[in-house]
Amino acid sequence: MHNALTPETAQHFAMIALGHVRREYPYKPGHVLAGPEHARTPSQLHPIFHGSFDWHSCVHGYWMLARLLRNFPAMEAAPSIRKLLDEMLVADKVAGECAMLAHPLERGFERPYGWGWLLKLASELKDLEGGRWFANLQPLTDIFVDRFMEFLPIATYPVRVGTHYNTAFATRLAADYAEATDDERLMALLTDTCLCWYGKDEACPAWGEPSGDDFLSSTLIEAECMRRLMPAESFPPWFDRFLPEIMAQKPETLFVPASVSDRSDGKIAHLDGLSFSRAWCWRSLAKALPETDPRRAVMEKAAADHLESALPHVAGDYMGEHWLASFAVLALEA
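Residue numbers (the working numbering): 40 to 373.
Below, the structure written as structure tokens:
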């Protein structure tokens, strides 16, 4: 098993995503039907992100393809990725995506998971091959920046579940966009909000992990969010308080990959994503510690165990295949 993203793996993942980002059915819509005029096909509702079973999975499928193109521009799939981006990330299709969001009842559409992924996609497109795709996407990007700016000041409490509603994951992804675009106002809001939400947390028991359909570790993604947003000198003391027993491999659940009983069940298949997201977080958090810190070896071993558990299952059933490769890339590149 490789612990890093290889050209061969990148090509494999690219072909998986190219096979589903324009696959319209099956599809799970996420919008509110305000009237009969809103009962439309996926591609009518979402001219770009109508594949990959649901809107957010399609968005992070595009992110992964852009990421792979950046890192492996000569791979066999690269021309197909460029063709996809040239055909889909165009002004009229972006306008169509924006139009659906204009209805007042769509205020909470994809909040916050899809919001974070859209900004993560935009950050990856920034400066990629001249930035033309980034510029084309900007009207849609601006909508989700505005939604973060409007929502976070009224979000009194974080959401700590291991699924799409998790606030730490979305703000963690949004921070990459804020940095890539030098959006100091957004970055300040993300930082202040997360310090308010999580700054006093300590001795996290991780007692709720894993739930039956988690694909995020609510514990580790909170730590990764704080690593990303806190000043470098402030994070280690916070992390020491938050997970004080790493050397004893406690909380134990964070070190044991989840058992996946049925990968044809879309919710249960989420648990492979949990392994990838834990591996991503463990690796990223370990790198934030001094090289001499003995916790690094424990954390890197946990990451390797979770990667080994999930990597064989990226493809095979569409319930996982339409999204898991994106999370594998996060883990392999950490």
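Heads up, the beta-carbon is just placed ideally off N, CA and C, and yes, glycines get one too.
query: Inter-residue Cα distance where the pair is P275 and P178; result: 38 Å
query: First and last residue of the uninterrupted alpha helix (DSSP H) at Q83; result: P81 to L84
query: contact_flag[the region 159-178, the region 230-240] where n(CB pairs < 8 Å) is 3 or more; result: no
query: Whole-angstrom distance between E47 and D185, CA atom to CA atom; result: 39 Å
query: Close beta carbons around R322, own chain, < 6 Å, minus the five adjacent residues each side; result: A342 and A373
query: Residues near P197 in its chain [Cβ-Cβ closer than 6 Å; skip 5 each side]; result: T206 and W236
query: Inter-stretch contact at 8 Å, needing at least 3 Cβ pairs: the region 240-250 / the region 276-291; result: yes
query: Near the ligand NAD: E248 beta-carbon under 7 Å from a heavy atom; result: Inclusion of the ligand NAD in the displayed structure is not the case, the ligand content being empty and no account of it being possible.
query: Pair within 8 Å by beta-carbon distance, M338 and I260; result: no
query: As assigned by DSSP and simplified to three states, the class of E248; result: coil
query: Euclidean distance between Cα positions of L328 and F88; result: 38 Å
query: Under 8 Å between C-beta atoms of F254 and S162; result: no
query: Assigned exposure category for L369 - 16 Cβ within 10 Å defines buried; result: buried
query: Helix, strand or coil at N205 [DSSP, three-state]; result: coil
query: Limits of the unbroken alpha helix (DSSP H) element including Q177; result: R171 to F190
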